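**Student:** Just passing along the structure, written as structure tokens.
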Amino acid sequence: MNPNLNKLQPYPFQRLRDLFAGITPNPDYKPINLSIGEPKHVTPALIKDALVNNLVGLANYPTTAGIPALREAISAWLARRYGIPAPDAEKQIVPVNGSREALFAFAQAVIDSSRPLPVVISPNPFYQIYEGAAFLAGAEPYFLNTLPENDFAMDFDSVPETVLQRSQLVYLCSPGNPSGKIMSLDQWKRVFELSDRYGFVIAADECYSEIYFDEANPPLGALQAAQRLGRDYTRLVVFSSLSKRSNVPGMRSGFVAGDAAILEKFLLYRTYHGCAMSPAVQHASIAAWQDETHVIENRRLYTQKFEAVTPLLQAELEVNIPDGAFYLWGRTPMPDTEFAVRLYRDFNVTVLPGSYLAREAHGVNPGRDFVRLALVASLEECLEAAERIKKLS
Ligand SMILES: Cc1ncc(COP(=O)(O)O)c(C=O)c1O
260 MNPNLNKLQP YPFQRLRDLF AGITPNPDYK PINLSIGEPK HVTPALIKDA
310 LVNNLVGLAN YPTTAGIPAL REAISAWLAR RYGIPAPDAE KQIVPVNGSR
360 EALFAFAQAV IDSSRPLPVV ISPNPFYQIY EGAAFLAGAE PYFLNTLPEN
410 DFAMDFDSVP ETVLQRSQLV YLCSPGNPSG KIMSLDQWKR VFELSDRYGF
460 VIAADECYSE IYFDEANPPL GALQAAQRLG RDYTRLVVFS SLSKRSNVPG
510 MRSGFVAGDA AILEKFLLYR TYHGCAMSPA VQHASIAAWQ DETHVIENRR
560 LYTQKFEAVT PLLQAELEVN IPDGAFYLWG RTPMPDTEFA VRLYRDFNVT
610 VLPGSYLARE AHGVNPGRDF VRLALVASLE ECLEAAERIK KLS
């Protein structure tokens, strides 16, 4: 077997199950799960209808590049959303089965393991796929701790020159999971400069781009940042998804967009990998990308929850409404694992210890003594969870 498989760490939810093994949660309380970032709002009827109305497509093998109508719908959405020229639907866009598989596959296609000691730079805490993708591509992850002290930004100036020289791929996540931080134009400028100097590819994870709390201020996107800085998309690929935007995590639909030369090779890789999107899902995705009404309603529900729940928690956790995404990332008054255990045992609420989302790097685990609360359940359940958390101290 591939020895790199041995480098894969247990997934955070496995560690959480291990942490809770043998504990019986207080039966006086109904279970509330805030640990998993799985959207729970209702899937819009227009998407379900498009899926059902296109089941005839199950009789055909789909192409890896997807149908032109899907790529054109995505291109039009990118132009509307970011105020950028519509990307070339044939060369600059590839549909993917959710951003997760694409984020993983991308490293396999990008990393040149014949060059000495390839490095993949990742935020820390981070979406676990980045690390596994790096290992299986034969690279080593280099973690940049995102902490409140640096406003949850990745400090590229702290990366040693020797590491930058070996860096082939950088994962960025904006809005970030778990902090919800949105990267500024200046931060993008710095990353682009370093990419130009050292030649690394930028994988911009934007799966939370449509979850934010100020309708007048949507998060800056990477393609948009490049445009504003007068750049083309050289060495830049963004990863976007319908899962959170349209409440369809089970549909597995997203896209990658950006550097045409990289996407040409990535498409070739994917043809062999065999990950074309089902024709019915392609049609349902077109319907989703073409509609914004359900997305605005989705944001309204999240905004309502964040505004109601955050103040209730501020006595117990150091926590603020994030820039975007649907997590509260709060500092705990006790070790994060103890907080999670006590909350589960005494009040039947499940949250994820922050240390499980991060690795020890540069002498610290930057997730330690934080917890991540996914406000995905109903407003009533989130409020009820907040009331129980208040009782913990
Ligand atoms: C940061 C981040 N990226 C990517 C994903 C993958 O989402 P999907 O594969 O549903 O697009 C997730 C899912 O939770 C995530 O948190």
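Read in order, the letters of the sequence shown correspond to residues 260 to 652 in this note's numbering.
Even glycine gets a Cβ: it sits at the ideal position worked out from N, Cα and C.
In this text, all values refer to a predicted model and were calculated from it rather than measured experimentally.
Please say whether Asn313 and His553 have beta carbons closer to each other than 7 Å?
**Tutor:** Their beta carbons are not under 7 Å apart, which means His553 does not touch Asn313 by this criterion.
**Student:** For Gln427, does the count of other Cβ atoms within 10 angstroms reach 16, so buried, or fall short, so exposed?
**Tutor:** Label assigned to Gln427: buried.
**Student:** When the Cβ atoms of the stretch 378-395 are set against those of the stretch 612-630, are three or more pairs found closer than 8 Å?
**Tutor:** They touch, by the three-pair rule.
**Student:** Closer than 6 Å by C-beta to Leu376: which residues in its own chain qualify, once you throw out the five before and the five after it? Chain order, please.
**Tutor:** Only Arg425 meet the Cβ criterion.
**Student:** What is the DSSP secondary structure of Gln541, counted as helix, strand or coil?
**Tutor:** Of the three classes helix, strand and coil, the one that applies to Gln541 here is helix, per DSSP.
**Student:** Measure the beta-carbon distance from Val418 to Tyr430 and round it to whole angstroms, keeping in mind my assumption that it falls under 8 Å.
**Tutor:** Actually they do not touch by this definition, with Cβ atoms about 14 Å apart.
**Student:** Closer than 6 Å: is that where the CB of Cys432 sits relative to any heavy atom of ligand 1?
**Tutor:** True, at least one ligand heavy atom lies under 6 Å from that Cβ.
**Student:** DSSP state of Phe514, grouped into three classes?
**Tutor:** Reduced to three states, the DSSP call for Phe514 is strand.
**Student:** Per DSSP, Ala335 forms a beta bridge with which residues?
**Tutor:** None; Ala335 has no bridge partner.
**Student:** Does the structure place the stretch 532-541 close enough to the stretch 432-446 that three or more beta carbon pairs sit under 8 Å?
**Tutor:** No, the stretch 432-446 is not in contact with the stretch 532-541.
**Student:** Return the bridge partner residues of Asp464 from the DSSP annotation.
**Tutor:** Per DSSP, Cys432, Phe498.
**Student:** If we count the other Cβ atoms within 10 Å of its Cβ and call it buried at 16 or more, is His413 buried or exposed?
**Tutor:** According to the sequence as given, residue 413 is Met; it is not His. Under this definition Met413 is a buried residue.
**Student:** Using the rule of at least 16 other Cβ atoms within 10 Å of the residue's Cβ for burial, across every protein chain shown, is Arg304 buried or exposed?
**Tutor:** Correcting the residue identity first, residue 304 is Ala in this sequence and not Arg. Counting Cβ neighbours within 10 Å, Ala304 comes out exposed, since fewer than 16 surround it.
**Student:** Between Val369 and the rest of its own chain, which residues show a CB-CB distance below 6 Å, the 5 nearest in sequence each way excluded?
**Tutor:** Within the same chain, Val369 has close Cβ partners Leu428, Val460.
**Student:** How far does the alpha helix (DSSP H) with Ser454 in it reach, from first residue to last?
**Tutor:** Looking at the DSSP string, the run of the alpha helix (DSSP H) that includes Ser454 is 444-457.
**Student:** When the Cα atoms are used, what is the spatial distance from Pro592 to Glu575?
**Tutor:** Near 7 Å, if we compare the C-alpha coordinates of Glu575 and Pro592.
**Student:** Would you check if the distance between the CB atom of Arg631 and the CB atom of Leu611 is smaller than 7 Å?
**Tutor:** Taking 7 Å as the Cβ cut-off, Arg631 and Leu611 qualify as a contacting pair.
**Student:** Please find out if some non-hydrogen atom of ligand 1 comes closer than 6 Å to the beta-carbon of Ser544.
**Tutor:** Answer for Ser544: no, Cβ out of range of ligand 1.
**Student:** Which whole-angstrom value describes the C-beta separation of Phe565 and Ile580, a residue pair presumed to lie in contact below a C-beta threshold of 8 Å?
**Tutor:** Confirmed, about 5 Å.
**Student:** In this structure, what does DSSP give as the bridge partners for Arg590?
**Tutor:** DSSP lists Glu577, Phe629 as partners of Arg590.
**Student:** Could you tell me the boundaries of the alpha helix (DSSP H) in which Ser381 lies?
**Tutor:** Run containing Ser381: none in the alpha helix (DSSP H); it sits in the beta strand (DSSP E), 378-383.
**Student:** Measuring only from the beta carbon, is Asp628 closer than 6 Å to any heavy atom that is part of ligand 1?
**Tutor:** No, the Cβ of Asp628 stays beyond 6 Å of every heavy atom of ligand 1.
**Student:** Nearest by alpha-carbon distance to Gln573: which of Trp588, Arg559, Gly583 is it?
**Tutor:** It is Trp588 whose Cα lies nearest to the Cα of Gln573.
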